[in-house]
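Data first, discussion second: the structure below is written as structure tokens.
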Amino acid sequence: MNLSTLFITALLLGFSGALMPGPLLVVDINESYKQGAKVGPLLILGHGLLELILVIGLTCGLGPILLKPLVKGSIAIVGGFVLLWMGGAMVINAWQHKISLEIAAQGKPARKSLLFAGALVSVSNPYWILWWATIGLAYISIALQAGWVALGVFLCGHFLADLLWYSGVSWVIASGKEVFSDKIYRIVIIVCGLFLIFLAFYFIWFGQYFLLN
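Okay, so the sequence shown: first residue is -14 according to our numbering, each after it adds one.
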């Protein structure tokens, strides 16, 4: 596989994963209401830095360890409780009118918190880890056959897909913020929070399944 083909396939594969709704998309939507179009790029930078660390680990033989039932199950359960905490806080605060567009505009977290959020939400998603331990590891193996430059090309294509999608979502949310009322804003936050809670229980079930079987 030549470098251009590797880049294009990595880009398309990255889009196939990025377009699927997940906790990172929920955080992107939620924070974009508060901070605008910069949220997507900052979240993905944190997400991408974590992916780089994971890829380094996979090239050093971490893949088989991540696929062990005990490891998969533990990651899923811990991640589930993290998402349960995040989703519950979103629903409660929105329901009790503790958040609004005005409050959101006043309380803008630092950039570091967005970078951390991008990494935290990613590592709390067991499917992200499983994707890299299986599909991602296969692509890494293919890329390394053409050398380290090819691996860099693959990572650039994958990162670009995430950056384009999540930055686009942030831009759309930020651009349309003026037409949203506080009521609509709180409804969106509640829906996003409930989605995180659903994912949390699913991840916890997923984790206990691997631990008990």
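Glycine included, each C-beta is placed from N, C-alpha and C at the ideal position.
Asked, Found
"Opening and closing residue of the alpha helix (DSSP H) in which residue 20 lies", "8 to 20"
"Length of the line joining the Cα atoms of residue 78 and residue 167", "13 Å"
"Limits of the unbroken alpha helix (DSSP H) element including residue 32", "24 to 44"
"C-alpha distance - residue 149 paired with residue 173, whole-angstrom precision", "22 Å"
"Residue 197 Cβ short of 6 Å to the ligand ADP heavy atom set", "Here there are no bound small molecules, and the ligand ADP is not part of this structure."
"Distance CB(residue -1)-CB(residue 146) smaller than 7 Å", "yes"
"Supposed close pair residue 2, residue 116 - CB separation, criterion 8 Å", "7 Å"
"Status (buried if at least 16 other CB within 10 Å, exposed otherwise) for residue 50", "exposed"
"Buried or exposed (CB count within 10 angstroms, at least 16 for buried), residue 199", "Shown here, the chain extends from -14 to 198; a query on residue 199 therefore has no answer."
"N-terminal and C-terminal residue of the alpha helix (DSSP H) that residue 175 is part of", "167 to 197"
"Three CB pairs or more closer than 8 Å across the stretch 66 to 77 and the stretch 134 to 146", "no"
"Beta-carbon proximity of residue -9 to residue 135, cut-off 7 Å", "yes"
"For residue 76 and residue 179, the rounded distance between their alpha carbons", "7 Å"
"Nearest-angstrom Cα separation, counted from residue 21 out to residue 157", "9 Å"
"Contact belief for residue 14 with residue 106 at Cβ below 8 Å, rounded distance in angstroms", "No, residue 14 and residue 106 are not in contact; Cβ-Cβ is about 12 Å, not under 8 Å."
"Collapsed DSSP secondary structure at residue 82 in the structure displayed", "coil"
"Same chain only: Cβ atoms within 6 Å of residue 65, ignoring 5 sequence neighbours per side", "185, 188, 189"
"Contact under 7 Å by Cβ, residue -4 with residue 125", "no"
"Backbone CA spacing between residue -11 and residue 128 [nearest angstrom]", "12 Å"
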